[in-house]
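For what it's worth, this note's numbering labels the leading residue of the sequence shown as 185, then goes sequentially.
Remarks on the structure that follows.
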Amino acid sequence: MAVEFLVNEKIWFDKFKYDDAERRYYEQQVNGPAGSSSHQQSTSSSGPADQNELLSRISHLEVENQNLHSVVADLQKAIFKLESRLNALEKSTSHQPSPVPPTQKVEPFGVPSKKVELPSAKKAEPAAAAEEDDDDDDINLFGSDDEEEDQEAAKVREERLRQYAEKKAKKPGLIAKSSILLDVKPWDDETDMAKMEECVRSIQMDGLVWGASKLVPVGYGIKKLQIQCVVEDDKVGTDILEEEITKFEDYVQSVDIAAFNKI
Numbered sequence: 185m186a187v188e189f190l191v192n193e194k195i196w197f198d199k200f201k202y203d204d205a206e207r208r209y210y211e212q213q214v215n216g217p218a219g220s221s222s223h224q225q226s227t228s229s230s231g232p233a234d235q236n237e238l239l240s241r242i243s244h245l246e247v248e249n250q251n252l253h254s255v256v257a258d259l260q261k262a263i264f265k266l267e268s269r270l271n272a273l274e275k276s277t278s279h280q281p282s283p284v285p286p287t288q289k290v291e292p293f294g295v296p297s298k299k300v301e302l303p304s305a306k307k308a309e310p311a312a313a314a315e316e317d318d319d320d321d322d323i324n325l326f327g328s329d330d331e332e333e334d335q336e337a338a339k340v341r342e343e344r345l346r347q348y349a350e351k352k353a354k355k356p357g358l359i360a361k362s363s364i365l366l367d368v369k370p371w372d373d374e375t376d377m378a379k380m381e382e383c384v385r386s387i388q389m390d391g392l393v394w395g396a397s398k399l400v401p402v403g404y405g406i407k408k409l410q411i412q413c414v415v416e417d418d419k420v421g422t423d424i425l426e427e428e429i430t431k432f433e434d435y436v437q438s439v440d441i442a443a444f445n446k447i
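Listed below in structure tokens is the structure:
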């Protein structure tokens, strides 16, 4: 009976299962049932999801990259076509003859050419003629007033110039004068100085005015006559004045200019 019981009993043959169950039990006691389950769920759930997301993103980026490459290639082709067309147009325009004006018609030799006039040009001619007539009318209307104003302004200007010239002619101009100090020297100490001064003052000229005088001793009892005079530069010169004074040879030996100042 005991042998039969042991044959039917499977506990010793499945001992590794019981050991694993016991180990998991103790792990749950240490880590807690919630922590172990959540950790297992997170590790079991996060791994495949992250891998699937990465794979999907990589495939999406590859598709976008291919699309961009195709777009760039299309743009390059379009630019090349445009450049070729521009070059062809430039060549054609450079070799193309000058266009014929729209108002002329090219016909074979021997056939008289006819000018083609547009209706707008026909309409524009009467309008331009009317504008010219208006301009002429304006000029005729206002031209007389302008001429009258110019004549009046010229008359006023001439009258003012005449008045200014008369006023300037009546106004006396500035007379240049000079103050001269003369040294009149006698022959010797016996010369009558009073008579010599009387002779000098007897000289009368237009523009000559005699001033103060005095006797200045020279030496050895000889004195000279120092006399002041004012002359007009345009009428009386120093040479004429000296010549007139030296005519009195009985009294005057020489004449010197001691000072000369412009007034």
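Don't be surprised by glycine CBs; every beta carbon is placed ideally from N, CA and C.
None of the values given here were measured: they were computed from a predicted structure.
So, at 7 angstroms on beta carbons, what are the nonlocal neighbours of residue i in its own chain, with the 5 sequence-adjacent residues on each side left out?
i: glutamate 428; result: Ile387
i: leucine 259; result: none
Residue i by DSSP, collapsed to three states: which one?
i: glutamine 373; result: Residue 373 is actually aspartate in this sequence, not glutamine. Coil, per DSSP.
i: glutamine 213; result: helix
i: glutamine 347; result: helix
i: glutamate 427; result: helix
i: valine 340; result: helix
i: alanine 360; result: coil
i: isoleucine 447; result: coil
i: valine 439; result: strand
i: aspartate 204; result: helix
i: aspartate 367; result: strand
i: serine 397; result: strand
i: valine 415; result: strand
To the nearest angstrom, how far is the alpha carbon of residue i from that of residue j?
i: alanine 337; j: lysine 352; result: 22 angstroms
i: tyrosine 404; j: aspartate 373; result: 8 angstroms
i: glutamine 347; j: lysine 339; result: 12 angstroms
i: glutamate 246; j: asparagine 236; result: 15 angstroms
i: alanine 257; j: asparagine 271; result: 21 angstroms
i: serine 240; j: glutamine 250; result: 16 angstroms
Report the CB separation of residue i from residue j in whole angstroms; it is logged as a contact under 8 angstroms.
i: isoleucine 447; j: isoleucine 364; result: Incorrect: roughly 10 angstroms between the Cβ atoms, too far for contact.
i: phenylalanine 158; j: cysteine 383; result: Given that the chain is displayed from residue 185 to residue 447, the structure contains no residue 158 and the question cannot be resolved.
i: tyrosine 478; j: lysine 379; result: Examination of residue 478 is not possible in this model, given that the chain is present from 185 through 447 alone.
i: aspartate 390; j: lysine 419; result: 5 angstroms
Considering only residues of the same chain and omitting the five flanking positions on each side of residue i, which have a CB-CB separation below 6 angstroms?
i: glutamate 426; result: Val439
i: alanine 360; result: Asp417
i: aspartate 367; result: Lys408, Gln410, Asp440, Ala442
i: arginine 385; result: Trp394
Spell out the partners DSSP gives residue i in its beta bridges.
i: glutamate 267; result: Beta-bridge pairing links glutamate 267 to no other residue.
i: isoleucine 406; result: Gly403
i: leucine 392; result: Val415
Taking 8 angstroms as the limit between beta carbons, can you name the residues of its chain near residue i, skipping five residues before and five after?
i: glutamine 437; result: Lys369, Pro370, Trp371
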